[in-house]
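Reviewing the structure listed below.
Numbering (my numbering), first residue to last: 63 to 217.
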């Protein structure tokens, strides 16, 4: 299992292992009618809780949701808004799409601490990058920044 991890990674190998396990289980629940490409995801919050999600497709194009957004939403439902890491798992170490990265970026703006993005395969091998390196020209809100930051440690 070869892993590509930059030296400035904020989370440790055990946390990554826990994310892989949670995302792998979630991937098994993926509802993939169209693509036959199940993806599992898990987010690690700054309070060290893990929330998972899987991709859910619809027979109507555009009504599905990505595993990454479902994991983030799962955390939000439980009052968590600040993230340390997001991991995706599939057969080939697929990184999140640009829409999911931008979705996560709004939560980055709450505390402006970078978020590790981990792409894992089914063997547990992984690569790590930061949110800001994968989305260097993200849309940044100024109009709603104060409102976003009001969610910091809000629950």
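Just so it is clear, CB atoms sit at the ideal spot from N, CA and C, and this is done for glycine as well. As the structure is a computational prediction, the values presented were derived from the model and not from experiment.
Residue i and residue j closer than 8 Å at C-beta
i: residue 178; j: residue 202; result: no
i: residue 97; j: residue 119; result: yes
i: residue 150; j: residue 85; result: yes
i: residue 117; j: residue 109; result: no
i: residue 148; j: residue 103; result: yes
Rounded separation between residue i and residue j - CA only
i: residue 209; j: residue 170; result: 13 Å
i: residue 143; j: residue 163; result: 15 Å
i: residue 190; j: residue 121; result: 33 Å
i: residue 69; j: residue 195; result: Confidence at residue 69 is low in this model, with a pLDDT of 48, below 50, so its placement is unreliable and the value that follows should be read with caution. Rounded to whole angstroms, residue 69 to residue 195 spans 14 Å at the Cα level.
i: residue 176; j: residue 168; result: 12 Å
i: residue 138; j: residue 73; result: 21 Å
i: residue 105; j: residue 205; result: 27 Å
i: residue 192; j: residue 140; result: 24 Å
i: residue 81; j: residue 153; result: 16 Å
i: residue 161; j: residue 211; result: 21 Å
i: residue 83; j: residue 207; result: 34 Å
8 Å contact criterion, which residue i and residue j should meet: CB distance rounded
i: residue 113; j: residue 136; result: 4 Å
i: residue 214; j: residue 183; result: 34 Å between Cβ atoms; not a contact.
i: residue 78; j: residue 188; result: 6 Å
Neighbour-count burial assignment, residue i, 16 or more Cβ in a 10 Å radius
i: residue 88; result: buried
i: residue 132; result: buried
i: residue 115; result: buried
i: residue 158; result: buried
i: residue 197; result: buried
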